[in-house]
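Chemist:
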Amino acid sequence: MKFEVHPSSRKRRVLPIHVLHYTAFRGDFRTKEDESELHLLEKFHVARFLSQRGGVDTFIDPVLYDPEEHSHRLTADLAGVEGGKLTAVFCETQSPGESLIRDLEMLDESENSSALVVYPFKVNPGPIDERFHDAVNTGKFVIEHLNWGDRGLERVFREVLELVDLLTNETRVKMLLPLLEHPQGKKHFREEINPKLIYENVPLLRTHKMIDELSDDLYDLTPMGKTILCEYLAFIEKVRHLLLREGEKDD
């Protein structure tokens with residue numbers, strides 16, 4: 000048995016633009032009004048992960064079927080297809096149920112398919128591990144949980160808050176914006192910014208890996224700095240629009 004994405008599901012292919020941020024993904028792929036936000040958020044994170052792997056075609060809510068035996072079909076939350084190999088993804092919010100077990104039974108018999116079962120928290124994989132022991136041991140079936148609750152998340156939050164604090168300073172943003180166009184020297188900064196503030200902030204921006212010194216007195220954004228600055232500005236603009244919209248409702 001070999002599974003493929005049904006032709007009717009191919010129009011729900013994930014493109015890079017769909018996973019730039021959660022709002023865009025939600026607007027394009029939320030088709031059921033009763034779908035929980037948690038379930039949709041899981042799908043977004045998996046879709047972004049699969050899309051970042053080169054050569055993988057990713058589909059949302061695909062119908063998977065065996066072209067030679069049409070009665071063998073199931074619906075997954077996502078599917079990743081690469082070189083004839085198919086990974087069916089199930090984003091779960093509860094312990095394994097009968098429907099999931101039935102789908103895994105079909106995938107277990109498939110020659111070209113594997114399965115990824117994703118949970119938003121640590122879960123007892125007992126029912127899957129017991130029923131599909133060989134598939135789990137060989138890696139044909141993988142059970143993962145999103146690490147939102149891990150202790151390491153506190154460290155990530157601290158780092159994010161430090162960067163937000165860094166970018167809430169008007170002087171630093173004024174220094175960074177011109178670098179989105181091309182590298183700049185301190186001479187350019189001094190035309191609009193107090194020299195004392197420049198010498199205070201350059202080491203700080205370098206410490207946080209936002210900028211790098213290309214040569215003597217010439218600075219540019221690091222790849223990380225460029226991404227963070229653009230994402231930050233887009234986030235601020237989005238929040239501003241949301242606040243304005245809520246303010247208009249109150250009026």
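Taking numbering that gives the first Met the number 0, the leading residue of the sequence shown gets 0, the next gets one more, and so forth.
Glycine included, every Cβ here is placed at the ideal spot set by N, Cα and C.
Between which two residues does the alpha helix (DSSP H) carrying Asp41 extend?
Modeler: Sequence check: residue 41 is Glu here, not Asp. From DSSP, the alpha helix (DSSP H) with Glu41 extends over Glu36 to Ser50.
Chemist: Within 10 Å of its beta-carbon, does Met174 have 16 or more other beta-carbons around it, so buried, or fewer, so exposed?
Modeler: Classification of Met174: buried, given that the 10 Å Cβ count is 16 or more.
Chemist: Can you tell me whether DSSP reads Asp60 as helix, strand or coil?
Modeler: Correct three-state label for Asp60: coil.
Chemist: Is Arg101 helix, strand or coil when you go by DSSP?
Modeler: Of the three classes helix, strand and coil, the one that applies to Arg101 here is helix, per DSSP.
Chemist: Along the chain, where does the alpha helix (DSSP H) that runs through Ile227 open and close?
Modeler: Per DSSP, Ile227 belongs to the alpha helix (DSSP H) from Pro222 to Asp249.
Chemist: How many whole angstroms separate the CB atoms of Phe58 and Val4, which I take to be in contact at a CB cut-off of 8 Å?
Modeler: Right, the Cβ-Cβ distance comes to about 5 Å (below 8 Å), so this counts as a contact.
Chemist: For Leu203, collect the residues of the same chain with a Cβ closer than 8 Å to its Cβ; drop the 5 residues on either side in sequence, then sort them by chain order.
Modeler: For Leu203, where only same-chain residues beyond five positions count, the Cβ hits under 8 Å are Leu165 and Arg171.
Chemist: With distances taken Cα to Cα, identify the nearest neighbour of Thr226 among Leu241, Arg239 and Met209.
Modeler: The residue with the shortest Cα to Cα distance from Thr226 is Met209.
Chemist: Please specify which runs of the alpha helix (DSSP H), each continuous and at least 4 residues long, are wholly inside the region 155–228, giving them in chain order.
Modeler: You should have 169–175, 185–189 and 194–206.
Chemist: Please state the DSSP three-state secondary structure of Gly125.
Modeler: Residue state, collapsed to three classes: helix.
Chemist: Could you say if the region 111–129 and the region 88–97 meet the contact criterion of at least three C-beta pairs nearer than 8 Å?
Modeler: Output reads yes: the region 88–97 touches the region 111–129.
Chemist: Select from Glu104, Ser70 and Tyr218 the residue whose C-alpha is nearest the C-alpha of Arg113.
Modeler: Arg is not the amino acid found at residue 113; the sequence shown has Ser there. For Ser113, the nearest C-alpha among the options comes from Glu104.
Chemist: What residues match up with Thr74 in a beta bridge as DSSP calls it?
Modeler: In DSSP, Thr74 forms a bridge with Val62.
Chemist: On the DSSP bridge list, what partners appear for Lys84?
Modeler: Lys84 pairs with Glu81.
Chemist: For Val135, name the three-state secondary structure that DSSP assigns.
Modeler: Val135: helix per DSSP, three-state reduction.
Chemist: Around the Cβ of Asp17, are there at least 16 other Cβ atoms within 10 angstroms (buried) or fewer (exposed)?
Modeler: Position check: residue 17 holds His in this sequence, whereas Asp was assumed. By the 10 Å Cβ count, His17 comes out buried.
Chemist: Please name the residue in Glu67, Leu232, Val55 and His69 whose C-alpha comes closest to that of Ala87.
Modeler: Nearest option by C-alpha distance: Val55.
Chemist: Tell me which residue opens and which closes the alpha helix (DSSP H) that Phe140 is part of.
Modeler: Unbroken run through Phe140 is the beta strand (DSSP E), Phe140 to His144; no alpha helix (DSSP H).
Chemist: Return helix, strand or coil for Val116, following the three-state DSSP convention.
Modeler: In the structure shown, Val116 sits in a strand (DSSP, three-state: E or B).
Chemist: Determine whether the beta carbon atoms of Leu37 and Pro119 lie at a separation below 8 Å.
Modeler: In this structure, Pro119 lies closer than 8 Å to Leu37 by Cβ.
Chemist: Are Val62 and Arg72 closer than 8 Å when you measure CB to CB?
Modeler: For Val62 and Arg72, yes; Cβs fall inside 8 Å.
Chemist: State the Cα-Cα distance for the pair Gly184 and Pro177, rounded to the nearest angstrom.
Modeler: Roughly 10 Å between the two C-alpha positions.
Chemist: Please determine, among Ser35, Cys90, Asp60 and Asp33, the residue with the shortest C-alpha to C-alpha distance to Ile142.
Modeler: That would be Cys90, whose Cα lies nearest to the Cα of Ile142.
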